[in-house]
Structures are given as structure tokens and as C-alpha cells.
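Our numbering numbers the first residue of the sequence shown as 40 and each following residue consecutively.
The beta-carbon is built from N, C-alpha and C at its ideal position, and this holds for glycine as well.
So the structure is just underneath, and the comments pick up after that.
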Amino acid sequence: MKVTGFIISLWTLVLLPCGQLAHPAEHEDVVKHAIKLHRGKGAVITQRKQWVLESCRKLSGLLRQKNVVLNKLKNAIRAVEKDAGLSDEEKLFQVHTFEIFQKELNESENSVFQAIHGLQRALQGDYKDVVNMKESSRQRLEALREAAIKEEMEYVELLAAEKHQVEALKNIQHQNKSLSMLDEILEDVRKAADRLEEEIEEHAFDDNKSVRGVNFEAVLRVEEDEANSKRNASKREVEDDLGLSMLIDSQNNQYILTKPRDSTIPRADHHFIKDIVTIGMLSLPCGWLCTTIGLPTMFGYIICGVLLGPSGLNSIKSIVQVETLGEFGVFFTLFLVGLEFSPERLRKVWKISLQGPCYMTVLMIAFGLLWGHLLQIRPTQSVFISTCLSLSSTPLVSRFLAGSVRGDKEGDIDYSSVLLGMLVMQDVQLGLFIAVMPTLIQAGVSTYSSIFKEILRILILIGQILFSLAAVFLLCLVIKTYLIGPYYRKLHTESKGNKEILILGITAFTFLMLTVTELLDVSMELGCFLAGALISSQGHMVTEEIMCCIEPIRDFLAIIFFASIGLHVFPTFVIYELTVLLFLTLSVVIMKFVLAVLVLSLILPKTSQYIKWIVSAGLAQVSEFSFVLGSRARRAGIISREVYLLILSVTTLSLLLAPALWRAAIMKCVPRPERRSST
């Protein structure tokens, strides 16, 4: 009976891909009859034996027929190769067409026996073992993916063969009639266009499918405009117009086209254009409303992101692209910060800027490990959370300090210099922490025997970062001494009456410094800051001229940046857990404020102790880069989904509380004539 059931299953699998051998009604009768035979009902032993013999006879007949066809194809290939009347190109085309058919026959046979092998493996497994069932499902999925890839490649080859056949017919028609001069010109242009497509086409699929780490995925294709599906367009036109379709994988990740196969046709991402236009239009009333009620406009932009993001209208389709464009807002913001932050001021506060963030980070990690031990949280998770919370938002504080940079009085240290210096050093720490994160991931699963190796690895990474910082500052010294002066004078000379050259030259220099610091494994933000500081060394007039050109660009990109923060704010989650989140946010803000006051009390000169309250108020919030760190840690398994949402919510609430704390510190510590420029 087992043999009978196996043959029945085998014949059923053979019939499935061969839909042209019998009518669908006959298939249904065959299936019903097979079920009866398999259950031992409605048939006598002789009928079952006859069924087995007929099934085996038909299967063997199909296999013999396949071998006969393969022999005929081989003979046809030999005949084509010996045909002297065909050109080499035509021979290659016909031989390739026969080989495609051979491959189709072999793949069909392999699919049948792979299905039989999968059935055998499933019958031998334990249906109560979920792990075994999952492994069988994974193997079937891999087989289906490989089969789909092979079929896709074969389909592409058939399309190419069809195209070649159409071109051959056109050539025959052109040879049979006399061509006009215009037709000859168009024919030459067509051939040149074909050569151009062959030259610029990148075989990215074939080149990367065998690369290590590349997996085959099943995706859904969503057309760009659903209304277009109702139009009477041919299937070929639809296939040729697959320009900016959206792909959705099994994990619900959405993808859009980054580089088309045909690079000769210009394309635009209309989803991204609509997203930027929508953000720009909605940012105006939101920013206007915040200005009316006395809040900074940046919170209006964050509200705009909340309204348009996943927790609101969900109208933003290109979230990653919006966030990427928003990063340029950070770059230009830090450039202007450096432009107002001259090397002389940086030299005066460099010790405080270096010591303060390091002491605060160490204290935050120590408190985090203590609370983690009391709450039985893993050390790696405690270190990560503490480091995330120790960072403060440079763009936010830069907006607070806009227009408030002043000269030092009677040897005192300006609070804006200390605050910006500490924030820039925190950005350097961010780059260090991103570099150390892989080690932190491994530490979560390492044994105690490898702890020494992990500590040694962290020390080596710290040494590399310090070496990179020394190289960056040495490069800055060389640029300031020999290059930046002649470079700016050349730009100024060439840009008279044309500000485009000046803007392009300054932007290119900023991106150059950004690239250098990124290549040296230091944060890109530091490169932007140093670019501004180097240009500010050319004098106050230069600073004013460049600021007038760059500020409008910075303002627009900053709107996109703060709106992208709002895309990660989830009001429903905050409302559900409002009590817990308020308690955690106030605890973090108070702890950071107290630790900053303690550290600054130890490192500030006695004559400048009064600024510790303002600087501490500026540091008492959590950086928006905790979104980036949190997402990486969640993907790596360092933190859970719940902890990730808590970090996002605490970060958002701390940023919302920051203006109130900043204004309170300004009101208390800054004399009344200076408050207007500071707020």
C-alpha cells in the first residue's frame, strides 16, 4: 500500500505541470480516483494494480519522449553549426534558442523529482516537531526561490530571443525594399542605440546573485499609479513602463527604484517629490502656530512630521529618502555653528570640551550599570541605554544659540563656547560608540573566557579613534595655515556677481571635510563643524558673507530634518504609557542636569562657575541620534521592542521639555539686556 500511495502521489505531481495532456474535468476525476485508491475504498486489488501500471507506463513514456526531443535538439544544433548559409551571429542565436528549450525540459524533469524528494522528506518527518516542520518549509522555500530565479532568467532570455527575431524580420524587409535617406539614417541610429544600451547596461542581477550574503526574496510589485491599470494598455507597454513600481517583501519592507536598467530615460521619484511638497506646505501653519504660542518653530516641524507620519495620516511614502535629505540639514547646521565658532574660542575651551562629555558619559554608564544590576538588566543593555541617554541634541541647542554668540568679558568663558564644544565632542563619542557597537553585540553572547579579548578590542578601537582625531586636527592645521586663505580668495574673485560659485565652493569644501572625517572613522558631523571653524578663521566679513548665502539652505533642510524626527513619534503609545514615560523623562532630564552641574563645577574656572547652570540646561535632553542607535540595537538584538519604544518616547519628551528648561536657565543666569539674543 505504501508503494501504491507513493506512485499515486508521483503521478499526481507529474500531472500538475502537464496541464495540456488532459482536460480539467479529467484531472478532477483522476484525483478523486487516486484518493479512493489511496484510502483503499471503491476499488479492488486488480484495479489498483492496473492504476499503478498505467501511471508508471505514462510517466516512463513522458521521460522517453523527453529524451527523444533532446536528441532531436542536439541534431538540430549540429545542423545549424554546419549550415554555411547562416552568419555566425544567426548561428549563435539559433543554437541559443535550442539550448533554452533543452534547459526548459531538464528543469521541468528536475522539478518533478524535487517535489517527490520533498514529499519523501515530509513523510519521514515528525508532524509534532515544529522545528522539523520549519526546516522543511525553509528548504521548500529555498527550492522555490531558486526555481523562480531560473524561470525568470529563462523568461528574460526568451524576451531577448523574441527581440532578435523581430529585428531579423525587419532586416529582411529592409533588404527587400529600397530605403530612403531618412530610413538609412534612422537605421544607423537604431544600431548605435542598441550598442549604447549594451555598453551602459549593468548586469547587476547576474553579478550579485552568487555573492555571499545575497538572498532570494519573494516580493510584491505595486504599480506607481493604480488608476493607470484601468487604461487599455497592452501588457508589453506595462512591462516597459515598470519604472518606479514599489516592491514589498515578506517582512513588509518597501523598496523603490534607485537605478533603472535603461539609463537613457530620465525618471523621477514622484512619491519623494510629493512627500517634500507636503512637508513644505504643512510646515508653514505648524511653525506659525508654534510661533504664536511662544514655542520654537522646530516643534511645529516635528508636529508636521507626526501628522504626516505612520502615526497620523500616513501620507509619507519615502520615509528613508526624507530622513536622508534631513541629514543634510544637520550637516549645514553644524557648518554654521562652526562658522560662528572661531578657532580662538575653540582653543580656549578645548580642555573643558574634552573632559566634560567624557566624565558625563562615564557617570551615566556607572549609574546605568547600578540600576541595571538592581533591576536585573543585562550589562550590555544597560551600557547601551546609558550611552544613548548621555548624548544631547546638537541641532536643537544650535537653534537655541542662534544669534547669541558674543565676545568674552573680562576673561570669562562664554557659555555658548563651552556648550558647543561639549556637544561637538559628544558627536565624536557617537562615532566611537557606533564603531564599538559590533563588539557590544558580541559581548552579549560571549563567555567569560573571551571578556579579556573584548576589552582589548575596545581599547584598540579607542586607540584608532584617538589616532584618527589627531590626524584630523593635524590636517586642519595644515589647511588653516596654507590652503584655506588662497582657496577663499580664489572663490571670492570668481564669484563676483555670481553667488553660485561661492555657494558651490563652500559646499564642496564642507563635503570634503565630511568625507575625510568619515573615512577616518570619525563622525561626519565633526567634519562639517571643522569646515565652518576653518573658514571663520578668515575674519568676520567672510563669516557674514557666507552665512547670508548658506542660511536659507540650512533653514529649508532643517525643516526636513525636524519633520523626519516627527515621523518616529507615536502619540498613541505616549498616551497609553504617559505616566511611566513622564516619570522616566523627568528622571533622565534631572539626572543629566545634576551630573552636568557636578562635572562643570569641577572643571570650570572659579570666575566662570555661573555658566554651569546654562550649560547643564542645554545638555539636559536626549539626542535625536538615539533613534538611529536604537534602531541598530533593536535589529542586532541588544534591546527589545519595548525598550526601543521607550527610548524613542523619552527622547521625544525630553526634546519637548528642553525649551522650557533652557528659558528658565536664561532667565536666572543671563542679565536682562542679553536675554533677547539668547532666546
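Asked                                                                                                                         : Found
Contacting residues, own chain, Cβ-Cβ under 6 angstroms from M706 (five flanking each side not counted)                       : none
Neighbourhood of L428 by C-beta distance below 7 angstroms, restricted to the same chain and skipping five residues each side : M403, V627 and V661
Extent of the continuous alpha helix (DSSP H) to which R260 belongs                                                           : Run containing R260: none in the alpha helix (DSSP H); it sits in the beta strand (DSSP E), V258 to V261.
M586 to L687 span [Cα, whole Å]                                                                                               : 33 angstroms
Candidates A405, L530, A704 and I677, of which the one nearest L634 by Cα                                                     : A405
CB contact flag (A656, W701, <8 angstroms)                                                                                    : yes
Limits of the alpha helix (DSSP H) - the one that D560 falls within                                                           : D560 -> no alpha helix (DSSP H), and no H or E assigned at all.
Counterpart residues of L286 in DSSP-defined beta bridges                                                                     : R260 and Y294
Buried or exposed by the 16-neighbour rule on C-beta atoms within 10 Å, applied to R593                                       : buried
Secondary structure of N415, DSSP reduced to three states                                                                     : For the sequence presented, residue 415 should be read as Gln rather than Asn. Three-state DSSP puts Q415 in coil, outside helix and strand.
N149 - DSSP class collapsed to helix/strand/coil                                                                              : helix
D594 (DSSP reduced to helix, strand or coil)                                                                                  : helix
Other residues of its chain near A699: CB distance less than 6 angstroms, five sequence neighbours each side excluded         : none
Element boundaries [alpha helix (DSSP H), containing V316]                                                                    : H309 to T331
Simplified DSSP state of I523, which is helix, strand or coil                                                                 : helix
S693 vs T611 beta-carbon contact at 8 angstroms                                                                               : no
Proximity below 8 angstroms, CB of L733 to CB of V689                                                                         : Because the chain is modelled from 40 through 718, residue 733 falls outside the range shown and cannot be assessed.
R671, enclosing alpha helix (DSSP H) - first and last residue                                                                 : S665 to A675
Contact belief for S455 with L440 at Cβ below 8 angstroms, rounded distance in angstroms                                      : 5 angstroms
Which of helix, strand or coil DSSP assigns to G502                                                                           : helix
Close-in-space but distant-in-sequence residues of the same chain around A510 (CB under 7 angstroms, 5 per side omitted)      : L559
Proximal residues to L408 (C-beta, below 8 angstroms), its chain only, five neighbours per side dropped                       : P418, S421, V422 and S425
Sequence-distant residues of the same chain with beta carbon closer than 7 angstroms to Q141, five excluded per side          : L109 and L112
Alpha-carbon spacing of L695 relative to L541, whole angstroms                                                                : 37 angstroms
Short CB-CB distance (under 8 angstroms) between C515 and chain D                                                             : Going by chain labels, chain D is absent from the structure shown, which holds only one protein chain.
P299, DSSP secondary structure in three states                                                                                : coil
Touch test, the segment 369-378 against the segment 549-568, Cβ-Cβ under 8 angstroms, three pairs minimum                     : yes
C-alpha distance - E148 paired with D127, whole-angstrom precision                                                            : 32 angstroms
Whole-angstrom distance between I614 and K492, CA atom to CA atom                                                             : 45 angstroms
Alpha carbon of F664 to alpha carbon of I391, nearest angstrom                                                                : 23 angstroms
Distance between beta carbons of G365 and L596, contact taken as under 8 angstroms                                            : 7 angstroms
CB contact flag (K189, E146, <8 angstroms)                                                                                    : yes
Closest by C-alpha distance to L458, when choosing among V467, S431 and S99                                                   : S431
Residue range of the unbroken alpha helix (DSSP H) whose run includes L377                                                    : Leu is not the amino acid found at residue 377; the sequence shown has Gly there. That run of the alpha helix (DSSP H) goes I358 to L378.
Cβ neighbour criterion (16 or more within 10 Å) applied to G460                                                               : buried
Burial state of I650, where buried means 16 or more other Cβ atoms lie within 10 Å                                            : buried
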